[in-house]
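Be aware that the sequence shown starts at 765, since it is given in the numbering used here, and climbs by one per residue.
So the structure is just underneath, and the comments pick up after that.
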Amino acid sequence: MIRFLLLFSLTASLLFPSCSFTQKIKDGRTAHELKQYEVATRLLEKEYNKTDSRVEKGKIAFLLGDSYKHLNRTPDAITWFRAAYDYQYGVDALRELAYALKYTEQYEEARQAFKDLGIEIGSPYEYRKEITACNVAIEWQKQPNKEYTVDLAGFNSRNADYAPSLYENGQLVFTSDRASATGDDTYHWTGQDFSDLFVVDPATEIVQPFDPNLNSTFNEGTAVFNKDFTEVYFTRCFSGEKYEDNFCKLMMSQRSGAGWTVPVVLNFVEDQVNYGHPALSDNGERLYFSSNHPDGWGGYDLYYAERNAEGWDPPVLLGRSINTPRNEQFPFV
């Protein structure tokens, strides 16, 4: 039997940006609009309980579902998307409910939700790929693979631990917003600390901050190394004084003795666009990543860039066989 360690919960949304400015939030809609989702859930639940209007309850329930979705609390999101749909919020609530059910491997319910969604929009075949995927997954669940087991690793924390990357000497570098992350500020998207890069030896389970030049008071995460561990590419979400929002950028640092150089932004990165989740080819000449660039197919799409003498060529958008109008993230090579 092969045994795998379930090292981290994948929380893709946690690394992407929230507003960097602060202001007093008085209502749940404002908190949601400013992407302060942890604050939004508390305020919106109070507003939901106060109103007697079914229409208003539907609107608030949908915002609660969306807030919990961004907090990666999918079971809670399902509860509120279901409530929104029951209160006649419409197809948007049913669509989010269907995908959330699929995400949590509730495939039979998800399949029915996609069927109902197709009927509601007047196009029964619109979600046939999702229905087929649910059918396949249901059959797979009937034939569990007994050749391996998946166990939680002992160095997980109560916080978000995700995006592991192989490092030298059998170590792992991963992303976490655990209490030992740099800085004392709260990330209002999650209500937790900002994320940093950490390194662990699975044999000892001792976790340490990765490098002071790479970790900052902003969000860092999703590191990837070249094969001789002399370069690291990762995501940092930050802004200067020009913009209110923190946008995520792809960074690169080089090995310098026992440490790493001050990271620089990759040359193709544009302002007011989010980039993340780098994945490097084996020869180090092609970099895959995710971005919500406006030239994409919708949501976050996968791109790649080829290395040149000065840095990197302009990114190439992958085709419709891979990208969709929804989110494609966390490529792996």
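Each residue gets a CB set at the ideal place from its N, CA and C atoms; glycine is no exception.
Which residue wins for smallest C-alpha separation from residue i, given the options the options?
| i | options | result |
| --- | --- | --- |
| residue 795 | 952, 856, 936 and 1039 | 952 |
| residue 1081 | 1066, 1089 and 1091 | 1066 |
| residue 923 | 990, 955 and 912 | 955 |
| residue 820 | 847, 832, 788 and 859 | 847 |
| residue 858 | 885, 839 and 871 | 885 |
| residue 939 | 972, 968, 792 and 916 | 972 |
| residue 1093 | 912, 1039 and 798 | 1039 |
| residue 929 | 982, 1042 and 1030 | 1042 |
| residue 1069 | 1049, 1057 and 831 | 1049 |
| residue 867 | 854, 852, 855 and 894 | 894 |
In terms of residues, what are the limits of the beta strand (DSSP E) holding residue i?
| i | result |
| --- | --- |
| residue 1082 | Note, residue 1082: premise wrong, no beta strand (DSSP E); not H, not E. |
| residue 911 | Premise fails: residue 911 is in no beta strand (DSSP E) and is neither H nor E. |
| residue 1066 | 1065 to 1072 |
| residue 1043 | 1039 to 1044 |
| residue 995 | 995 to 1002 |
| residue 1030 | Here residue 1030 belongs to no beta strand (DSSP E), and DSSP marks it neither H nor E. |
| residue 1050 | 1050 to 1055 |
Please classify residue i: does DSSP put it in a helix, a strand, or coil?
| i | result |
| --- | --- |
| residue 1024 | strand |
| residue 971 | strand |
| residue 984 | strand |
| residue 952 | coil |
| residue 796 | helix |
| residue 894 | helix |
| residue 937 | strand |
| residue 963 | strand |
| residue 1018 | strand |
| residue 978 | coil |
| residue 958 | coil |
Does any heavy atom of the ligand ADP sit closer than 7 Å to the C-beta of residue i?
| i | result |
| --- | --- |
| residue 898 | As for the ligand ADP, it is missing from this structure, which has no ligand bound. |
Give every residue of the same chain whose Cβ lies closer than 7 Å to the Cβ of residue i, excluding the five residues on either side of it in the sequence, and list them in chain order.
| i | result |
| --- | --- |
| residue 865 | 842, 873, 874 and 877 |
| residue 775 | Here residue 775 scores only 47 on pLDDT, less than 50, and its place in the model should not be relied on; the value that follows carries that caveat. Here the set comprises 836, 924 and 926. |
Residue i CB to nearest chain C CB: under 8 Å?
| i | result |
| --- | --- |
| residue 1091 | Chain labels in this structure do not include chain C; a single protein chain is all it has. |
State the start and end residues of the unbroken alpha helix (DSSP H) segment that holds residue i.
| i | result |
| --- | --- |
| residue 924 | Unbroken run through residue 924: none, as it is neither H nor E. |
| residue 878 | 871 to 884 |
Spatial neighbours of residue i within its chain, please: C-beta separation below 8 Å, excluding the five flanking residues on both sides.
| i | result |
| --- | --- |
| residue 1028 | 1015, 1016 and 1017 |
| residue 888 | 879 and 882 |
| residue 1024 | 975, 977, 978, 996, 1017 and 1018 |
| residue 1046 | 991 and 1097 |
Quick one: residues in its chain with C-beta nearer than 6 Å to the C-beta of residue i, no 5 flanking neighbours on either side, listed in chain order?
| i | result |
| --- | --- |
| residue 750 | Lying before the first or after the last residue shown, residue 750 is absent from the chain, which here runs from 765 to 1097. |
| residue 993 | 932 |
Enumerate, from N- to C-terminal direction, the unbroken alpha helix (DSSP H) stretches of 4 or more residues contained entirely within the segment 806 to 860. 818 to 834 and 838 to 850
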